[in-house]
Amino acid sequence: MPYIAREHRPKLDSLIEALADAVAAVAKETANDKGDATAYAGLLNYTLTRVTMLVVAQCCGPIRYATIATVSGVLKNVNDEFYRRVAAPYEDKQIAKNGDVPEYAP
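In my numbering, the protein residues as written are 410 to 515.
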């Protein structure tokens, strides 16, 4: 879960915000050049991959199964929390707006 101790956040937040600004700027530049509104997807994938692998290299030493399992679990948890906090409420609004799929309706 992304809910780390408050005292650790200031050490990371300004760097994370600067990285996000840089990714968004490149995405906007790419989108304008190619007309691709989803240009951020590959950039976000690249950024998250590099950050993940750099942290693993600095914290874990040689890759072992335990490292692979831990990092895979963290990335799955990131996905699950994003879905729970962002996608599910969005889908609930769309159900209210457009109606449910008959097979899901109570």
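All C-beta atoms, glycine included, are put in the ideal place defined by N, C-alpha and C.
Cα-Cα separation, residue i to residue j
i: Leu452; j: Ile413; result: 25 Å
i: Asn441; j: Ala475; result: 42 Å
i: Leu424; j: Glu490; result: 22 Å
i: Arg418; j: Glu426; result: 12 Å
i: Val495; j: Leu463; result: 27 Å
i: Pro498; j: Leu428; result: 27 Å
DSSP three-state assignment for residue i, whether helix, strand or coil
i: Ile472; result: coil
i: Met462; result: helix
i: Thr447; result: coil
i: Gly508; result: coil
i: Ala427; result: helix
i: Ile477; result: helix
i: Pro498; result: helix
i: Tyr353; result: This structure cannot speak to residue 353, because the chain is shown only from 410 to 515.
i: Leu514; result: Residue identity check: residue 514 is Ala in the sequence provided, not Leu. In this structure, Ala514 counts as coil in the three-state DSSP scheme.
Rounded Cβ spacing between residue i and residue j (contact assumed at less than 8 Å)
i: Val465; j: Val480; result: 6 Å
i: Leu410; j: Asn486; result: The displayed chain sequence assigns Met, not Leu, to residue 410. Confirmed, Cβ separation roughly 7 Å.
i: Thr439; j: Asp445; result: 6 Å
i: Val432; j: Thr456; result: 5 Å
Selection from the options that minimises the alpha carbon distance to residue i
i: Lys437; options: Ala448, Met410 and Asp422; result: Ala448
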